[in-house]
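Q:
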Amino acid sequence: RPYKVLRIDGSDLGGRNPFKLVAAGLREARDNMGRTTIVVVGESFANATPGFLVLVGFADTAQGDVGHGEDLLDHACSLARQD
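Throughout the sequence shown, residue numbering follows our numbering, covering 1 to 83 in sequence.
1. Excluding sequence positions up to five away, which residues of its chain have a Cβ less than 7 Å from the Cβ of L21?
2. Do E28 and F58 have their beta-carbon atoms positioned less than 8 Å apart in this structure?
3. Are the CB atoms of I38 and V56 within a distance shorter than 8 Å?
4. Mind pulling the beta strand (DSSP E) runs of 3 or more residues that sit fully within the region 14-70?
5. If you compare alpha carbons, which of P2, D9 and R16 is closest to A48?
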């Protein structure tokens, strides 16, 4: 499933509310926050600039997609175990 992505620069959210940013920046989200999934992850951008990625998805219950960010988790921690 594709996600839309918003970028936030800084070592913390600094009072920025990801839910409000998504609602303000994406009409589809603003029109129906009830089916909007938001995942916030820390990121290190070019030149080690700290920040966050806000991943935004939308549920489609007619297709069995309940719209939760848990789909992005690596429950087996397979990346951590790679040599």
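Glycine residues also receive a C-beta, built at the ideal position from the N, C-alpha and C atoms.
A: The structure says:
1. The residue you call residue 21 lines up with position 21 of the sequence shown. Hits under 7 Å: L6 and V54.
2. In the sequence shown, the residue the question calls residue 58 occupies position 58. In the sequence shown, the residue the question calls residue 28 occupies position 28. Yes, the Cβ-Cβ distance between F58 and E28 is below 8 Å.
3. In the sequence shown, the residue the question calls residue 56 occupies position 56. In the sequence shown, the residue the question calls residue 38 occupies position 38. Going by C-beta atoms, V56 is nearer than 8 Å to I38.
4. 36-45 and 49-58
5. Locating residue 48 in the sequence shown gives position 48, where the first residue counts as 1. Answer by Cα proximity: D9.
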